[in-house]
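In what follows, a structure is listed as structure tokens, so that the remarks can point back to it.
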Amino acid sequence: MSKKNRIETIFHNRRPDQKIMSLFVTAGYPEVEKTPELVVELTKSGADIIELGMPFSDPLADGPTIQFANKTAIDQGVNIESIFEMVRRIREKSEVPVVLMGYINPVLKFGLNSFFSRAAECGVDGVIIPDAPPGELPELDELAAGNGIATIYLVAPNTPDERMKEIDKRSSGFVYCVSVAGVTGARKGAEVSRSVTSFIQRVTSNVTKNPVLIGFGISSHEDAVQISKEVDGFIVGSALIDKIREEYPASDWIQKTADFVKVLKIGEHQKQVM
1 MSKKNRIETI FHNRRPDQKI MSLFVTAGYP EVEKTPELVV ELTKSGADII
51 ELGMPFSDPL ADGPTIQFAN KTAIDQGVNI ESIFEMVRRI REKSEVPVVL
101 MGYINPVLKF GLNSFFSRAA ECGVDGVIIP DAPPGELPEL DELAAGNGIA
151 TIYLVAPNTP DERMKEIDKR SSGFVYCVSV AGVTGARKGA EVSRSVTSFI
201 QRVTSNVTKN PVLIGFGISS HEDAVQISKE VDGFIVGSAL IDKIREEYPA
251 SDWIQKTADF VKVLKIGEHQ KQVM
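Using the UniProt record's numbering, you'd call the opening residue of the sequence shown number 1 and step up by one each time.
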């Protein structure tokens, strides 16, 4: 199986009533050595895709939760090379699709060619680089495709319809739908539901080639059910980091975090699978 096919297979094999659940965790938070174990346990609890955040010192689109996780990871010496090692260790125990998400500066510093060849070697399936809009770095798309790695681009409430169509055309894997303009962070359910309905209708009208996952603000199973009705799945990030921060450093912090994920998954399917 090609690496890109892990993402494609997840969407191809999903049941009609299933919403794909993608989880964001910051690589190296709260402990470098525990990240692979955390990812494996999250997968056992229902994660369909893992987005592994590449810590950056100036994360413009991230709210305080992920900024805190970034700083904690950077203080422990996390860099792109150590993230590749984490993915390699994850691959020893899991075939879950792994998407690296981060900013372009560290990737350019590492070298685009080196980044994508190393990513492919260790088992990365896709990349999300929010500050590298589609079309601005053609070599990024070419190197990703040449290494079997999906390039996942974002659409937001302020994205014009024609630009959405162009983003859909240039994306592979899925399109990341940012449901609320601004920085990342968990939000109240009512705020989430009011802010996204008409936007989601626009997205589903314009994004027709790729599956759509929606994120930014989901913090409960009620949010997940409501917000993903018309799309293919949902993404949870800040709420998951908040849960890790709440439980760490208790001895069972990984299990408590995994249990939180089970609730999200159960709520999404509206059934109990204990």
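Glycine included, C-beta positions come from ideal geometry on N, C-alpha and C.
Practice task
Measure the alpha-carbon distance for residue 120 versus residue 149 and round it to whole angstroms.
Solution key: For the purposes of this step, residue 120 is identified with residue 120 of the sequence shown, where counting begins at 1. For the purposes of this step, residue 149 is identified with residue 149 of the sequence shown, where counting begins at 1. The straight-line gap separating the alpha-carbon atoms of residue 120 and residue 149 is approximately 7 Å.
Exercise for the section: Leaving out five residues on either side along the sequence, give the residues of the same chain with a beta carbon under 7 Å from the beta carbon of residue 98. Expected result: For the purposes of this step, residue 98 is taken as residue 98 along the sequence shown, with counting starting at 1. Correct list, in chain order: 50, 52, 87, 90, 123, 124 and 125.
Handout entry: At least three beta-carbon pairs within less than 8 Å, the segment 70 to 81 to the segment 128 to 144
Key = Contact between the segment 70 to 81 and the segment 128 to 144 is absent: fewer than three C-beta pairs spanning the two stretches fall below 8 Å.
Practice task
Ignore the nearest five residues each way along the sequence and tell me which others in residue 261's own chain have a CB closer than 7 Å to its CB.
Solution key: The residue given as residue 261 occupies position 261 in the sequence shown. Closer than 7 Å at Cβ, skipping near neighbours: 23, 42, 45, 46 and 47.
Exercise for the section: State buried or exposed for residue 64, treating a residue as buried only when at least 16 other CB atoms are found within 10 Å of its CB. Expected result: For the purposes of this step, residue 64 is taken as residue 64 along the sequence shown, with counting starting at 1. Residue 64 should be labelled exposed.
Practice task
Just mark residue 93 as buried or exposed, buried being the case when its beta carbon has 16 or more other beta carbons within 10 Å.
Solution key: Locating residue 93 in the sequence shown gives position 93, where the first residue counts as 1. For residue 93, the number of other beta carbons within 10 angstroms of its own is below 16, and it is reported as exposed.
Handout entry: The alpha helix (DSSP H) enclosing residue 114, as first and last residue numbers
Key = In the sequence shown, the residue the question calls residue 114 occupies position 114. Here the alpha helix (DSSP H) through residue 114 covers 112 to 122.
Handout entry: Every unbroken beta strand (DSSP E) within the segment 35 to 80, with a cutoff of 3 residues, ordered by chain
Key = Fully enclosed beta strand (DSSP E) runs of 3 or longer: 49 to 53.
Exercise for the section: Could you name each continuous beta strand (DSSP E) segment of 3 residues or more that falls completely within the segment 221 to 262, going from the start of the chain to the end? Expected result: Counting only runs of 3 or more, we get 233 to 236.
Handout entry: The beta strand (DSSP E) enclosing residue 26, as first and last residue numbers
Key = For the purposes of this step, residue 26 is taken as the residue at position 26 of the sequence shown. From DSSP, the beta strand (DSSP E) with residue 26 extends over 20 to 26.
Practice task
Take residue 101 and list the residues in its own chain whose beta-carbon comes closer than 6 Å to its own, dropping the five residues that flank it on each side.
Solution key: As a working mapping, residue 101 is identified with position 101 in the sequence shown. Answer for residue 101: 51, 53 and 128, listed in chain order.
Problem - residue 210 classed as buried or exposed, judged by whether at least 16 other C-beta atoms fall within 10 angstroms - result: Translated into positions along the sequence shown, residue 210 becomes position 210. Only buried fits residue 210, as 16 or more other CB atoms lie within 10 angstroms of its CB.
Practice task
Answer yes if the segment 74 to 85 comes into contact with the segment 144 to 163, meaning at least three C-beta pairs across the two stretches below 8 Å, and no otherwise.
Solution key: No, the segment 144 to 163 is not in contact with the segment 74 to 85.
Practice task
Return helix, strand or coil for residue 150, following the three-state DSSP convention.
Solution key: Counting from 1 along the sequence shown, the entry for residue 150 is found at position 150. Strand, per DSSP.
Practice task
Would you mind working out which of 254, 258, 264 and 259 sits nearest residue 30, comparing C-alpha positions?
Solution key: Translated into the one-based positions of the sequence shown, residue 30 becomes position 30. Closest by alpha carbon: 254.
Problem - Per-residue DSSP class, three states only, for residue 213 - result: On the sequence shown, position 213 is the one that residue 213 refers to. Per DSSP, reduced to three states, the secondary structure at residue 213 is strand.
Problem - Length of the line joining the Cα atoms of residue 219 and residue 144 - result: As a position in the sequence shown, residue 219 is number 219, starting the count at 1. As a position in the sequence shown, residue 144 is number 144, starting the count at 1. Going by the C-alpha atoms only, they are around 31 Å apart.
Problem - Beta-carbon separation (whole angstroms), residue 179 vs residue 227, contact threshold 8 Å - result: For the purposes of this step, residue 179 is taken as residue 179 along the sequence shown, with counting starting at 1. For the purposes of this step, residue 227 is taken as residue 227 along the sequence shown, with counting starting at 1. Yes, they are in contact, since the Cβ atoms of residue 179 and residue 227 sit about 6 Å apart, within 8 Å.
Practice task
Evaluate residue 160 with the Cβ neighbour count: other Cβ atoms within 10 Å of its Cβ, from every protein chain shown; 16 or more gives buried, anything less gives exposed.
Solution key: Indexing the sequence shown from 1 puts residue 160 at position 160. Here residue 160 is exposed: its Cβ has fewer than 16 other Cβ atoms, across all protein chains shown, within 10 Å.
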